[in-house]
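Here's the structure we're looking at; comments come further down.
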Amino acid sequence: MSSKSMPKASFESSEETFPEAPPALNKKNWLKAVGILLLLVMLGLAVKSCLQARQADSPVITENKPDMTTPDEMPVQSGPRLEAAMPPKSVGDNDESMKAASPAGQAAPPLAGPVESRADLSQLTDQIRRLEGQVVKLGNKVADENTNLVQVLAGLQQQQDRLSSHLKQIEETLKTLQQQAGGKSRRHVKRTARPPRVKVVAIDRWGNQWQAVIEDNGLHILRPGSKLRGWTVREINPEGVTLVFNRRKAVLR
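Numbers 193 to 445, taken from the numbering used here, label the letters of the sequence shown in order.
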């Protein structure tokens, strides 16, 4: 499987939409089948037109046999009259007489046109058979590819379902953490909104720095910069201890 880019999870909304798996490729299969049928029809029309052209080109030969007369029908004339009745013979007449004198038992030589047509027809038949075999192979290949695509789509659907469940778990965890963090921050603000109520025991100077001693579950020494329940000690003088919190100021005396 090739590596897929993981969709970025958005944590602002609680619901995520995922693209649906593409439907099965039935339309594509039908288009391929129709294309194969059209190919076969066009091939049959081409063969038919070729055969018609062959038949139109081959000449129709008819044997022109001279009219033969029997000896009884031939006129019998005397010597001088016979010579006068017969026209002079030409070269063409000699050829025709030779054709007429040829024995009837000898048949005319066979024509090459019909034989060539039958050979072409057999070649076209072989080509059609080869094309049919190729069409069958292509159909099997298309079926195999469709099966592989269906398997890939099923695997992608499973991965999408797993990712959806994983994202839902992450969103639920984030919601829980945000609720817990929000509750803690609200409690912290409520607790630190007011200055701490402590008792200032003494304020004195130690060297060049003032310090204060307070009582808050025991004695504690505060100096400028010390922390007290989220408040910061800004200044200590004989008048009291100045505390600040979020731009708020309080003085402990």
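Beta carbons: idealized from backbone N, C-alpha and C, even for Gly.
C-alpha distance - residue i paired with residue j, whole-angstrom precision
| i | j | result |
| --- | --- | --- |
| S356 | A335 | 31 Å |
| Q350 | K360 | 16 Å |
| H412 | N438 | 23 Å |
| L237 | A245 | 12 Å |
| L313 | V233 | 17 Å |
| T365 | G347 | 27 Å |
| V443 | P416 | 13 Å |
| R354 | T339 | 23 Å |
| K441 | V425 | 10 Å |
| I395 | K367 | 48 Å |
| W398 | S418 | 16 Å |
| Q247 | A311 | 13 Å |
Helix, strand or coil at residue i according to DSSP, with G and I counted as helix
| i | result |
| --- | --- |
| N429 | strand |
| R439 | coil |
| R415 | coil |
| D312 | helix |
| Q397 | For clarity, residue 397 is Arg in the given sequence; the question names Gln instead. DSSP places R397 in strand when its eight states are reduced to three. |
| V390 | coil |
| V252 | Below a pLDDT of 50, predicted positions are generally treated as unreliable, and V252, at 48, falls in that range; the measurement from the model is reported next regardless. If DSSP states are grouped into helix, strand and coil, V252 belongs with coil. |
Buried versus exposed call for residue i [16 or more other C-beta atoms within 10 Å across all chains shown]
| i | result |
| --- | --- |
| I428 | buried |
| V328 | exposed |
| L323 | exposed |
| W423 | buried |
| V342 | exposed |
| L435 | buried |
| L223 | exposed |
Cβ-heavy atom distance, residue i to the ligand NAP, below 8 Å
| i | result |
| --- | --- |
| E364 | What this structure holds is no ligand at all, so the ligand NAP is not there to describe. |
CB contact flag (residue i, residue j, <9 Å)
| i | j | result |
| --- | --- | --- |
| G432 | V392 | yes |
| P325 | I228 | In the sequence on display, residue 325 carries Gly and not Pro. No, the pair does not count as a contact, with Cβ atoms beyond the cut-off. |
| I320 | L231 | no |
| L316 | V239 | yes |
Next on the checklist: Can you confirm whether the segment 365–374 touches the segment 396–406 when touching is taken to mean that 3 or more C-beta pairs between the two stretches lie within less than 8 Å?
Outcome noted: No: the two stretches stay apart, fewer than three of their Cβ pairs being nearer than 8 Å.
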